[in-house]
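Student: Residue numbers (mature numbering (1 follows the signal peptide of the UniProt record, and there is no 0)): -20 to -1, 1 to 362. Built from N, CA and C at the ideal position, the CB exists for glycine as well.
(1) To the nearest angstrom, how far is the alpha carbon of residue 329 from that of residue 279?
(2) So the alpha helix (DSSP H) residue 320 belongs to, where does it begin and stop?
(3) Quick check: the stretch 220 to 231 against the stretch 133 to 147, are there 3 or more CB pairs under 8 Å?
(4) With DSSP run on the structure shown, which of helix, strand or coil describes residue 308?
(5) In angstroms, rounded to a whole number, what distance separates the CA positions of residue 363 and residue 170?
(6) Alpha carbons only, please: which of 230, 116, 109 is nearest the one belonging to residue 374?
(7) With distances taken Cα to Cα, identify the nearest neighbour of residue 274 among 297, 319, 341, 149.
(8) My understanding is that residue 317 touches residue 308, with C-beta atoms under 8 Å, so please give their C-beta distance in whole angstroms.
(9) Would residue 119 pass as a contact of residue 93 if the rule is Cβ separation under 8 Å?
(10) Compare the C-alpha of residue 236 against each of 184, 244, 267 and name the closest.
(11) Give the straight-line distance between the Cα atoms of residue 9 and residue 179, rounded to the nearest whole angstrom.
(12) Could you pull the start and end residues of the alpha helix (DSSP H) that residue 155 belongs to?
(13) Using 8 Å as the Cβ pair cut-off and three pairs as the minimum, do the stretch 69 to 88 and the stretch 189 to 200 touch?
(14) Tell me which same chain residues have a C-beta within less than 6 Å of the C-beta of residue 168, skipping the five on either side of it?
(15) Where does residue 178 sit, in a helix, a strand or coil, going by DSSP?
(16) Quick one: measure Cβ to Cβ for residue 281 and residue 264, integer angstroms, because I've assumed they're closer than 8 Å.
(17) Would a C-beta distance cut-off of 8 Å place residue 215 and residue 262 closer than the cut-off?
(18) Which term fits residue 151, buried or exposed, when burial requires 16 or more other beta carbons within 10 angstroms of its beta carbon?
(19) For residue 50 and residue 114, I'd like the C-alpha separation in whole angstroms.
(20) In the DSSP assignment, the beta strand (DSSP E) including residue 187 goes from what residue to what residue?
(21) Could you check where the beta strand (DSSP E) with residue 213 kicks off and where it finishes?
(22) How many whole angstroms separate the CB atoms of residue 137 and residue 177, which I take to be in contact at a CB cut-off of 8 Å?
(23) Grouping DSSP H, G and I as helix and E and B as strand, with all else coil, what is residue 357?
(24) Would DSSP call residue 203 helix, strand or coil?
(25) Please go through the same chain and pick out, in chain order, the residues whose beta-carbon is closer than 6 Å to the beta-carbon of residue 327, but skip the five residues on each side of it.
(26) Between the Cα of residue 248 and the Cα atoms of 83, 297, 348, 155, which residue gives the shortest distance?
(27) What's the gap between the Cα of residue 287 and the Cα of residue 266?
(28) Since I believe residue 133 is in contact with residue 87 (beta carbons under 8 Å), could you give me their beta-carbon distance rounded to a whole number of angstroms?
(29) Starting from residue 256, trace the alpha helix (DSSP H) both ways and give me its first and last residue.
(30) Could you spell out where the beta strand (DSSP E) holding residue 338 opens and where it closes?
(31) Would residue 128 pass as a contact of residue 79 if the rule is Cβ separation under 8 Å?
(32) Going by other Cβ atoms of all chains shown within 10 Å of its Cβ, with 16 needed for buried, is residue 277 buried or exposed?
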């Protein structure tokens, strides 16, 4: 999950000048080999959707089970990404690979919100969510989704990730995506959608004037929310460059999520923000830079968002109770893994004010005896 920000590590000795021109996404990827999803090994092992068989979208069948939408969780959350592929078979995190979303260990080890990752998205915007849409992929049936929800899980569908991008420069592609993802969300009884778009989103250079890609991502989110029932959830999991990176310079990828976060935080539709506190250096509000995996970096970014990040006179604020920072579940899941004691120190610094924590991923945690989930569950007193 995530465009890593390892390319910013060289800035720890000094902030990027305000006059600097941010690299394009392609330039950043070329100049910073560390900018890779989750971990380079994990992403390399996952087959590209572009190479997979491309079946037509199918419904779950006329007798598909249905169940009510679960509301936004009232208490603390531990939100984990659930991999729809087999990460043990491809050698990424053996021995724990694919597991059903109904696996009772998910709840037993503290997870109460699941992000199902990821649908395949064709070049024309068509979304797929079905067995065999990619190598080793299996998706839950509608009945299994209802079973998981009845056991206490809130289940969202996460779109994007590092490999399943959308052409955000095309309104036709955006509309096709909405037209095909909404039936999936309804048929499979999802409680919300998680926006994990990590490619193709750039700012215009003027935070008050959305770029084409920003406008089309807003078009997608609005289109989904308008067609789903009231109370349908929305979370976002941007990488740090797309958020606090805007404190240094706004343009290209730097701060590109900020207008989108502001819109849905201000209008109340955003459940919470899952910014990825891993895979490279990250910024506070004042151009100060921190290494991933440090308590100082965790608190600087969290405090920055609560106070409000001011860019070109526009304030983007996400209060503590709408922040669910993302951390790697285990070493290897992402750069900047924090040991349990450091996670506890970061969490306890807020005296229970944070909404929760997010992790990549449930499957990674299961491969290492669930130490992340168990630690967070205890910290949250659940």
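Tutor: Reading from the atomic positions:
(1) Translated into the one-based positions of the chain shown, residue 329 becomes position 349. Translated into the one-based positions of the chain shown, residue 279 becomes position 299. Cα-Cα distance, rounded: 8 Å.
(2) On the chain shown, residue 320 is found 340 positions in, with the first residue counted as 1. 320 to 328 is the extent of the alpha helix (DSSP H) around residue 320.
(3) Segments in contact, no.
(4) What you label residue 308 is simply residue 328 of the chain shown in a count that begins at 1. Strand at residue 308.
(5) Residue 363 lies beyond the stretch modelled for the chain, which goes from -20 to 362, so this question has no answer here.
(6) The chain is shown from -20 up to 362; residue 374 falls before or after that span and cannot be answered.
(7) Position 294 of the chain shown, counted from the first residue, corresponds to residue 274. Checked all of 297, 319, 341, 149; the closest Cα to residue 274 is 319.
(8) Along the chain shown, one-based indexing puts residue 317 at 337. Along the chain shown, one-based indexing puts residue 308 at 328. Your pair residue 317 and residue 308 checks out as a contact, with CB atoms roughly 5 Å apart and the cut at 8 Å.
(9) As a position in the chain shown, residue 119 is number 139, starting the count at 1. As a position in the chain shown, residue 93 is number 113, starting the count at 1. No; because the gap between Cβ atoms is not below 8 Å, this pair is not in contact.
(10) Counting from one through the chain shown, the residue named residue 236 turns up at place 256. For the residues 184, 244, 267, the minimum Cα distance to residue 236 belongs to 184.
(11) Working through the chain shown from its first residue, we reach residue 9 at position 29. Working through the chain shown from its first residue, we reach residue 179 at position 199. The pLDDT assigned to residue 9 is 36, lower than 50, so where the model puts this residue is not dependable; a value taken from the coordinates is nonetheless given after this. Looking at the backbone, the Cα of residue 9 and that of residue 179 are separated by about 11 Å.
(12) Taking the chain shown and counting its residues from 1, one reaches residue 155 at position 175. Looking at the DSSP string, the run of the alpha helix (DSSP H) that includes residue 155 is 151 to 167.
(13) Cβ pair count under 8 Å is below three, so no.
(14) For the purposes of this step, residue 168 is identified with residue 188 of the chain shown, where counting begins at 1. If we look at residue 168 and ignore the five residues flanking it on each side, its Cβ neighbours are 122, 125.
(15) Numbered from 1 along the chain shown, position 198 holds the residue referred to as residue 178. In the structure shown, residue 178 sits in coil (DSSP, three-state: anything other than H, G, I, E or B).
(16) Taking the chain shown and counting its residues from 1, the one referred to as residue 281 is at position 301. Taking the chain shown and counting its residues from 1, the one referred to as residue 264 is at position 284. Their Cβ separation, rounded to whole angstroms, is 6 Å, which keeps residue 281 and residue 264 in contact under 8 Å.
(17) For the purposes of this step, residue 215 is taken as the residue at position 235 of the chain shown. For the purposes of this step, residue 262 is taken as the residue at position 282 of the chain shown. No, the pair does not count as a contact, with Cβ atoms beyond the cut-off.
(18) As a position in the chain shown, residue 151 is number 171, starting the count at 1. Exposed: under 16 other Cβ atoms inside 10 Å.
(19) For the purposes of this step, residue 50 is taken as the residue at position 70 of the chain shown. For the purposes of this step, residue 114 is taken as the residue at position 134 of the chain shown. Looking at the two C-alpha atoms, the distance is approximately 29 Å.
(20) Taking the chain shown and counting its residues from 1, one reaches residue 187 at position 207. Where residue 187 is concerned, there is no enclosing beta strand (DSSP E), given that its DSSP letter is neither H nor E.
(21) Position 233 of the chain shown, counted from the start, is the residue given in the question as residue 213. Looking at the DSSP string, the run of the beta strand (DSSP E) that includes residue 213 is 213 to 216.
(22) Looking up residue 137 in the chain shown gives position 157. Looking up residue 177 in the chain shown gives position 197. Approximately 13 Å separates the beta-carbon atoms of residue 137 and residue 177; this is outside 8 Å, ruling out the contact.
(23) Position 377 of the chain shown, counting from 1, holds the residue named residue 357. DSSP places residue 357 in the helix class (H, G or I) of the three-state scheme.
(24) For the purposes of this step, residue 203 is taken as the residue at position 223 of the chain shown. In this structure, residue 203 counts as helix in the three-state DSSP scheme.
(25) Taking the chain shown and counting its residues from 1, one reaches residue 327 at position 347. Cβ neighbours of residue 327 beyond the five flanking positions: 359.
(26) For the purposes of this step, residue 248 is identified with residue 268 of the chain shown, where counting begins at 1. Ranking 83, 297, 348, 155 by Cα distance to residue 248 puts 297 first.
(27) For the purposes of this step, residue 287 is taken as residue 307 along the chain shown, with counting starting at 1. For the purposes of this step, residue 266 is taken as residue 286 along the chain shown, with counting starting at 1. Each residue's Cα considered, the two are about 12 Å apart.
(28) Start at 1 with the first residue of the chain shown, and residue 87 comes out as number 107. Start at 1 with the first residue of the chain shown, and residue 133 comes out as number 153. That belief holds up - the Cβ atoms of residue 87 and residue 133 are roughly 7 Å apart, short of 8 Å.
(29) Here residue 256 refers to the residue found at position 276 when the chain shown is read from its first residue. Residue 256 -> no alpha helix (DSSP H), and no H or E assigned at all.
(30) Taking the chain shown and counting its residues from 1, one reaches residue 338 at position 358. Where residue 338 is concerned, the enclosing beta strand (DSSP E) stretches over 336 to 340.
(31) Reading the chain shown from its first residue, position 148 is the one you call residue 128. Reading the chain shown from its first residue, position 99 is the one you call residue 79. For residue 128 and residue 79, no; Cβs fall outside 8 Å.
(32) As a first step, residue 277 is located in the chain shown; it is residue number 297 there, counting from the start. Counting the other CB atoms within 10 Å of its CB gives residue 277 a total of 16 or more, which places it among the buried residues.
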